[in-house]
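**Q**
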Amino acid sequence: MRLGERGVSDTTVLTLAAGEGGADAVAELSAVQRVKNRLLVRGVAAEARSAGHPDAALATRAYDLLADLEGEAGEEVERVLRYPAVGAWAWRAYRSLRSGNGAHDDPAQLGALAVVAAVRARAACRVRLPVRDGAIMLPSLGRLILPAGTGDAIDVTVRPDGDGAELDAGGLTVRVHPSGDRSGWQALHRLRVNPGLDLVVDDLDPYRWAAEEVAEPRLEPERLRAWGEHLEEAWRVLTAHHRTVAEEVGLAVSVLTPVKAPERGQNSASSRETFGTIAMSDPWDGVGLAATFAHEIQHAKLTALTEVIPLTLPDDGRRYYAPWRDDPRPVYGLLQGSYAYLGVAEFWRRQHRFERDAEAFRARVELARWRRAAYAVTGTLLAGGGLNERGEEFVARMRKTLEECAAEPVDSAAESQALREAEHHLDAWRRRNPGFRAN
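Residue numbers 754 to 1192, in my numbering, belong to the letters of the sequence shown in order.
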């Protein structure tokens, strides 16, 4: 398969450092991730051969099949390769094969990618696939449920059929259709909001999230409807008042993965392994979900950037207080958090003007608290000696944006409430980390 080139321009780095980016920057970062996934997929096939893995022949055959399909349906091959869970699987499989520990060495999963590309391209193919827990996962499409007693691997044949496909899997014929479940088939749900947002809700793929223990089981129909309603409201907020964030989310984010909520509040996260996925607990409302997007897209952009351009020196073991975390953080974690909360502060700087009554006050508190917190952490970063030269330049530009954000007027009541909440967090952090001095 073609590998392409990767890189991020100096102009994009400067734009990202200001906390922005937009469509052009996200396009560059996404291209880097696509090349990374292609390299990893090729590496899985190659390492399986080098290691003499028992599924090496299956992986090689699947890789060759993907290459053949790319000649006829390059867009569909690209689509499955950039799917976030595929990146997570390829990264884990590659590392496992290189180290020889066998924990995540499932190279024959390459065949599932070929099946997905064939289904989407309406092309016929035949490939042997591993069976895991009585099922075969087809990334970005859904899960094939097999009868009890099915062996560890079966031959799967794809036969195009109208707007879907029929799969012959070990003597079982299953109609695969992207719009819903059928006998022997569980389709991944999609949430579409026009214009510009089309997301998969991935609550099936075993590689959908790095922390398997927090992944929720399948969303019930009522919860899925609630997610869709909140998503529509969030998208209206972003497209009306936060156009740059909407551009970035629309281009970079393709998957939402449900995770469990903490005892208090909500949970959201992004992962280096699954670029394009935002994991989150049930959203409460549209504005809060829009703020979550503003937060997590910052993490996604910085993660993609630092895979190409490191901004920190090797970890020297020092840990620091972060005003948004319960645990002491290394320099890179501190950088990630401050960049994310720069985005949060900028979101509330705009959004508070459109809120009313108690919601307006809460918005001003959020603005006051997070712009102060992010600004303080940029100072810690610049004074701490953990950034390289590019990192110092990057954080200095972040700090300038936060200084501009600080010029937004906020009433004294909101400022006082923000300060009380920040002090409460620091007091709780000190109790949680006794003897650790907050840097």
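Backbone N, C-alpha and C define an ideal beta-carbon position, used for all residues, glycine too. On a predicted model such as this, the values are computed, not experimentally measured, just so you know.
(1) With the cut-off set at 8 Å, would you say residue 1011 and residue 956 are in Cβ contact?
(2) Considering only their Cβ atoms, is the gap separating residue 1043 from residue 1105 smaller than 8 Å?
(3) By Cβ distance below 7 Å, which residues in the same chain neighbour residue 1055 in space, the five residues on each side in sequence not counted?
(4) Could you tell me whether any non-hydrogen atom of the ligand ATP is closer than 7 Å to the CB of residue 761?
(5) Over what stretch of residues does the alpha helix (DSSP H) that includes residue 1131 continue unbroken?
(6) Please classify residue 948 as buried or exposed, where buried requires at least 16 other C-beta atoms within 10 Å of its C-beta.
(7) Quick one: which unbroken beta strand (DSSP E) runs of 3-plus residues sit fully inside the segment 991–1068? Chain order, please.
(8) Given 8 Å as the limit, is there contact between the segment 1027–1038 and the segment 975–982, that is, 3 or more CB pairs closer than that?
(9) Contact between the segment 1105–1119 and the segment 1159–1173: three or more CB pairs below 8 Å?
(10) Return the first residue and the last residue of the beta strand (DSSP E) that residue 910 is part of.
(11) Extract the residue ranges of the alpha helix (DSSP H) inside the segment 943–994, only unbroken runs of 4 or more that lie entirely within it.
(12) Taking the straight line between their C-alpha atoms, what separation do you get for residue 785 and residue 1086?
(13) What are the boundary residues of the alpha helix (DSSP H) that includes residue 844?
(14) I want to know whether the segment 817–826 touches the segment 978–991 - three or more CB-CB distances under 8 Å.
(15) Give the straight-line distance between the Cα atoms of residue 1178 and residue 1124, rounded to the nearest whole angstrom.
(16) From the DSSP output, which residues share a beta bridge with residue 1101?
(17) Classify residue 1147: buried if its beta carbon has 16 or more other beta carbons within 10 angstroms, exposed otherwise.
(18) For the alpha helix (DSSP H) that residue 899 lies in, which residues bound it at each end?
(19) Are the CB atoms of residue 952 and residue 1008 within a distance shorter than 8 Å?
(20) Figure out for me which residue from 1109, 1073 and 1114 has the closest Cα to the Cα of residue 1188.
(21) In angstroms, rounded to a whole number, what distance separates the CA positions of residue 1071 and residue 917?
(22) Tell me whether residue 932 is buried or exposed, calling it buried when 16 or more other Cβ atoms sit within 10 Å of its Cβ.
(23) Is the segment 1015–1034 touching the segment 793–807, taking contact as three or more C-beta pairs under 8 Å?
(24) Taking residue 917 as part of the beta strand (DSSP E), name the residues at either end of that continuous run.
(25) Do the CB positions of residue 950 and residue 981 come within less than 8 Å of each other?
(26) In angstroms, rounded to a whole number, what distance separates the CA positions of residue 809 and residue 790?
(27) Is residue 875 near residue 900, with beta carbons less than 8 Å apart?
(28) Contact criterion: CB-CB distance below 8 Å. Does residue 1033 meet it with respect to chain B?
(29) Determine, using beta carbons only, whether residue 1050 and residue 766 come nearer to each other than 8 Å.
(30) Bridge partners of residue 890, per DSSP?
(31) Put residue 860 into one of helix, strand or coil per three-state DSSP.
(32) Helix, strand or coil for residue 760, going by three-state DSSP, please let me know.
(33) The alpha helix (DSSP H) that contains residue 818, what's its start and end?
(34) Between residue 879 and residue 888, which are expected to be in contact by the criterion C-beta below 8 Å, what is the C-beta distance as a whole number of angstroms?
(35) When the Cα of residue 1047 is compared with those of 763, 775, 760 and 823, which residue comes out closest?
(36) In terms of DSSP beta bridges, what is residue 1074 paired with?
**A** Taking the geometry as given:
(1) For this step, residue 1011 is matched to residue 258 along the sequence shown. For this step, residue 956 is matched to residue 203 along the sequence shown. Against a cut-off of 8 Å, the Cβ pair of residue 956 and residue 1011 comes out as a contact.
(2) Here residue 1105 is taken as the residue at index 352 of the sequence shown, counted from 1. Here residue 1043 is taken as the residue at index 290 of the sequence shown, counted from 1. Taking 8 Å as the Cβ cut-off, residue 1105 and residue 1043 do not qualify as a contacting pair.
(3) The sequence position of residue 1055 within the sequence shown is 302, counting from 1. 1089 and 1092.
(4) The ligand ATP is absent from the structure shown, which contains no ligand whatsoever.
(5) Translated into the one-based positions of the sequence shown, residue 1131 becomes position 378. Where residue 1131 is concerned, the enclosing alpha helix (DSSP H) stretches over 1110–1137.
(6) Counted from its first residue, the sequence shown places residue 948 at position 195. Under this definition residue 948 is an exposed residue.
(7) 1008–1011 and 1030–1033
(8) yes
(9) yes
(10) Stepping through the sequence shown from its first residue, residue 910 is reached at position 157. Note, residue 910: beta strand (DSSP E), 906–914.
(11) 974–994
(12) In the sequence shown, counting from the first residue as 1, residue 785 sits at position 32. In the sequence shown, counting from the first residue as 1, residue 1086 sits at position 333. If you take the alpha carbons of residue 785 and residue 1086, they lie about 22 Å apart.
(13) Residue 844 sits at position 91 when you count from the first residue of the sequence shown. Start and end: 837–852.
(14) no
(15) Working through the sequence shown from its first residue, we reach residue 1178 at position 425. Working through the sequence shown from its first residue, we reach residue 1124 at position 371. Going by the C-alpha atoms only, they are around 15 Å apart.
(16) Locating residue 1101 in the sequence shown gives position 348, where the first residue counts as 1. None, per the DSSP bridge assignment.
(17) One-based indexing of the sequence shown puts residue 1147 at position 394. Buried.
(18) By 1-based counting over the sequence shown, the position of residue 899 is 146. Element bounds for residue 899: n/a, residue is neither H nor E.
(19) As a working mapping, residue 1008 is identified with position 255 in the sequence shown. As a working mapping, residue 952 is identified with position 199 in the sequence shown. Yes; because the gap between Cβ atoms is below 8 Å, this pair is in contact.
(20) One-based indexing of the sequence shown puts residue 1188 at position 435. Measuring from the Cα of residue 1188, the nearest candidate turns out to be 1073.
(21) The residue labelled residue 1071 in the question sits at position 318 within the sequence shown. The residue labelled residue 917 in the question sits at position 164 within the sequence shown. Spanning the two alpha carbons is a distance of roughly 54 Å.
(22) Taking the sequence shown and counting its residues from 1, the one referred to as residue 932 is at position 179. It counts as exposed.
(23) no
(24) If you number the sequence shown from 1, residue 917 lands on position 164. Where residue 917 is concerned, the enclosing beta strand (DSSP E) stretches over 917–922.
(25) Translated into the one-based positions of the sequence shown, residue 950 becomes position 197. Translated into the one-based positions of the sequence shown, residue 981 becomes position 228. Going by C-beta atoms, residue 950 is not nearer than 8 Å to residue 981.
(26) For the purposes of this step, residue 809 is taken as the residue at position 56 of the sequence shown. For the purposes of this step, residue 790 is taken as the residue at position 37 of the sequence shown. In a straight line, the C-alpha of residue 809 is about 19 Å away from that of residue 790.
(27) As a first step, residue 875 is located in the sequence shown; it is residue number 122 there, counting from the start. As a first step, residue 900 is located in the sequence shown; it is residue number 147 there, counting from the start. No.
(28) In summary, chain B is missing from the structure at hand, where a single protein chain is found.
(29) Along the sequence shown, read from residue 1 onward, the residue named residue 1050 stands at position 297. Along the sequence shown, read from residue 1 onward, the residue named residue 766 stands at position 13. Their beta carbons are not under 8 Å apart, which means residue 1050 does not touch residue 766 by this criterion.
(30) Stepping through the sequence shown from its first residue, residue 890 is reached at position 137. Answer is 896, bridged to residue 890.
(31) What you label residue 860 is simply residue 107 of the sequence shown in a count that begins at 1. Three-state DSSP puts residue 860 in a helix.
(32) Sequence index remark: in the sequence shown, residue 760 carries index 7 (1-based). Three-state DSSP puts residue 760 in coil, outside helix and strand.
(33) For this step, residue 818 is matched to residue 65 along the sequence shown. Its alpha helix (DSSP H) spans residues 809–834.
(34) Locating residue 879 in the sequence shown gives position 126, where the first residue counts as 1. Locating residue 888 in the sequence shown gives position 135, where the first residue counts as 1. With a Cβ gap of about 19 Å, residue 879 and residue 888 do not count as contacting.
(35) By 1-based counting over the sequence shown, the position of residue 1047 is 294. The shortest C-alpha separation from residue 1047 is found at 775.
(36) Against the sequence shown, residue 1074 aligns to sequence position 321. Answer by DSSP bridge pairing: none, since residue 1074 is not bridged.
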